[in-house]
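Protein chains in written order, with this note's numbering: chain A, 21 to 176; chain B, 347 to 1079.
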């Protein structure tokens, strides 16, 4: 089946089985590999992407569901000229990324929070990120980074 | 000064933009996908392996033990573990055959059509009856390791002292749970050799193992960006690499072997479970420890892996950071027909320090003293002697305790912690409690292991850049950021002119494995030495002295200038591995963890409010990276404390081998953390740095147990302290 959607601002079309996982279409068909697989059952959040601005686990989404939709992956967070999204920049300065395998999912989930919640509290940040597992950081620096990124954005 | 600065991690930009290439992100032309056929039985005879004649095998490669070109052995400490089972399986999920196909689905489908005929045999599953059992798994007695550390006359003093307190403590398996599963790719080279590329901690372990499997040494191993290890990618990747290589050589094409999470959880190594008996004599009047006899029993599983070294670290840490004049510690590591256990952050220390700290709480309880007071009375001080006879210097135990207590006096962060009243809302009956636990952790290898290993590092001038060549991998902890900072500091140049070469064994020397909290402290020191040597070599070449850049400008040759340094044994450590006497470690880290919890009295659930830690790190080379590791380790310790439980079926297979039911803490489960540092410099480490990778995991669980007891009186001597166990203990209290 021919499936067309917007990926990080550009139009793409793929021939795929309608029930193929969006994650596989992104990684294997389109070779956009920033989105990671950690568990394949929607628990770890490493494959978090935005579909029309909502964070979802790409391992649980049949690609047919994104027909005509806008999909954003970690590769689409920075501005086209390369300027990092505030949450990407804050992850760098706060040490939000260690091994980095969960990082794309966290960044996408945090970007969604940033888009919808202007001044979240630390508990709200924790809640928004509770669908993403990290084993390196203990989450402290991730929460620090997201809180700072939101402050930066609000002040910008 | 670059040292002590929060330099942004070198791999950070690639990691936050999705450009970092992990093994599964790379797909060479013609790449096949592999899958492993595993034993469903704990112990069975293999009667035959057949391919289903009704399945289309045309694009599938199948390998069994017969296809291994060299020896069927995973070379590590001993040669007991086969690459593929041959005639017999000794644990559930043991690899029996391999398949590779053009895509993952074909490979998976093919794996279901490899028919292995088994005759199940009676397995030995209980470590308490393993040693000397007629059912032989390992050598003639099922004992991987038996170590006794003895100082003074423990038995005599125990017999003569009125107050002797005994306790038994148990800990279960724990999974490392790196978020990137195990993965390796084998690529046959045009010159007849083979390249291994994948997720790993120790490239040279794989070289050593594959030489035997392939029967030649025409191979190189390249680390991909690695999504966490925690010890789980210390030795296990040798098996994945061997499998990928055997498939790739038979297929004549690249083969990628990426574990599915369920497969990874069922098959790969875990933290050793343990049963630990403590018998301690104490002076009731002074509260001082008089003598201790500790017996440790660890289950190593069906193959030896690195279990003897885990036992070694366990016996050496078994008393915790407390002075005791008469000590006998006996550690026993045995075989069972369960999946082999292996390296995991702390390497035996978290198990024994849970027991040691719980036993201190038991002594305090029986003496009617506060747990904190008892600790203060017995904490190591400068000049105290450890059970192996090592006289301690620069002891930071009291300093980390007092700093953590001070930090804990400050209130919760202004923004507070999540209101997790979901378990009953306003009606919930909740009891708050605080626990304080203290750890010591020997940094680096035991004794003079480094002198025997002679880890190497190269530093080279290439154009106007300086390149570092080491086999020390960055698995998230920040090695690739720390080493350039060390070199730039020595040479007095900007850090962005210093790069790490790929960790490719074709070009890097053997720096030793990335394990044992040794990378920054030991290999960092070798890198520093190499940078100093490079400066000297440049001075010699130019025939002048001066700043690095001035000398570089005078250089006539454009050829790379490369020097090698090797670990120098300047410390004069005296260690006898036969008697376990002497300087067990070059230095020790010290840490105090204070945990505030709420215990839900109706559900037994433990909610973490805050975790304060203070750790002696020698010197924080990069504070953000340093505290980041400490926080991550602390949360892994909290997972060990209350939620991470490996549930086994009757064959020893992991029943909860999914992330839906093997539960690690989320951002909502994690407490807010305050991470304080103490810097007591270690003369043997670069700029005073000590190893910090493992110590944060050592005592969070003990602190939680004490906090639960303080909150509600429930006494728990077993990990994990699940809600069910907390409720049961509450009913007994």
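Backbone N, C-alpha and C define an ideal beta-carbon position, used for all residues, glycine too.
- Contact between residue 861 of chain B and residue 570 of chain B fails: their C-beta atoms lie close to 18 Å from each other, not under 8 Å.
- If you ignore the 5 residues before and after residue 1059 of chain B, its C-beta comes within less than 6 Å of the C-beta of 1079, all in its own chain and listed in chain order.
- DSSP, read as helix, strand or coil, puts residue 381 of chain B in strand.
- In this structure, residue 1043 of chain B keeps its C-beta atom at 8 Å or more from the C-beta atom of residue 935 of chain B.
- A direct Cα-Cα distance of roughly 16 Å separates residue 1041 of chain B from residue 520 of chain B.
- Residue B:775 holds the alpha-carbon nearest to the alpha-carbon of residue 953 of chain B among B:775, B:822, B:506.
- Neighbours of residue 112 of chain A in chain B, taken as residues whose beta carbon is under 8 Å from its own, are 354, 355, 358, 359, 362 in chain order.
- About 6 Å separates the beta carbons of residue 350 of chain B and residue 966 of chain B, which is inside the 8 Å limit, making them a contact pair.
- Going by C-alpha positions, residue 789 of chain B is about 8 Å away from residue 1038 of chain B.
- In this structure residue 783 of chain B does not touch residue 730 of chain B by the C-beta definition: roughly 19 Å separates them, more than the 8 Å allowed.
- Residues of chain B whose Cβ lies closer than 9 Å to the Cβ of residue 71 of chain A do not exist; the shortest such Cβ separation is about 17 Å.
- Annotated three-state conformation of residue 156 of chain A is coil, per DSSP.
- Residue-level contact by beta carbon fails for residue 130 of chain A and chain B, as no gap is shorter than 8 Å.
- Apart from sequence neighbours up to five positions away, the residues of its chain that approach residue 672 of chain B with a beta-carbon distance below 6 Å are 498, 499, 500, 503, 637, ordered along the chain.
- If you check the CB distance, residue 611 of chain B and residue 1000 of chain B come in under 8 Å.
- Pairing residue 741 of chain B with residue 626 of chain B gives a Cβ-Cβ distance that is not under 8 Å.
- The beta-bridge partner set that DSSP reports for residue 111 of chain A is empty.
- Neighbourhood of residue 378 of chain B in chain A, by CB distance below 8 Å: empty, with the nearest CB roughly 14 Å away.
- Listed along chain A, no residue sits closer than 9 Å to residue 826 of chain B by beta-carbon distance, the nearest being about 11 Å off.
- In the structure shown, residue 683 of chain B adopts coil according to DSSP, grouped into three states.
- Closest in C-alpha terms to residue 546 of chain B, from the list B:446, B:797, B:575, comes B:575.
- Taking residue 124 of chain A as the centre and dropping the five residues before and after it, the same chain places the C-beta of 54, 55, 56, 66, 68, 93, 94 closer than 8 Å to its C-beta, in chain order.
- Per DSSP, reduced to three states, the secondary structure at residue 559 of chain B is helical.
- The distance from the Cβ of residue 693 of chain B to that of residue 640 of chain B is about 17 Å, inconsistent with a contact at the 8 Å cut-off.
- Identification of residues in the stretch 66-99 of chain A having a C-beta nearer than 7 Å to some C-beta of chain B yields 66, 93, 94, 95, 98, given in sequence order.
- Interface with chain A (8 Å Cβ-Cβ cutoff): residue 970 of chain B is included.
- The criterion of a C-beta distance shorter than 8 Å is satisfied by residue 445 of chain B and residue 407 of chain B.
- Around the CB of residue 21 of chain A, fewer than 16 other CB atoms lie within 10 Å, so the residue is classed as exposed.
- Apart from sequence neighbours up to five positions away, the residues of its chain that approach residue 32 of chain A with a beta-carbon distance below 8 Å are 24, 25, 26, 50, ordered along the chain.
- Neighbours of residue 37 of chain A in chain B, taken as residues at a C-beta separation under 7 Å, are lacking, since the least C-beta distance is about 11 Å.
- Distance between residue 676 of chain B and residue 721 of chain B, taken at the CA atoms: about 23 Å.
- Judged by pairs of C-beta atoms under 8 Å, the stretch 143-159 of chain A touches the stretch 1010-1020 of chain B, as three or more such pairs exist.
- Assignment of residue 372 of chain B by DSSP, reduced to helix, strand and coil, places it in the coil class.
- Here the alpha carbon of residue 706 of chain B sits roughly 15 Å from the alpha carbon of residue 696 of chain B.
- In this chain, residue 528 of chain B is not harboured by any alpha helix (DSSP H), its DSSP state being neither H nor E.
- Residues of the same chain with a CB within less than 6 Å of the CB of residue 381 of chain B, apart from the 5 flanking positions on each side, are 445, 453, 454, 457 in chain order.
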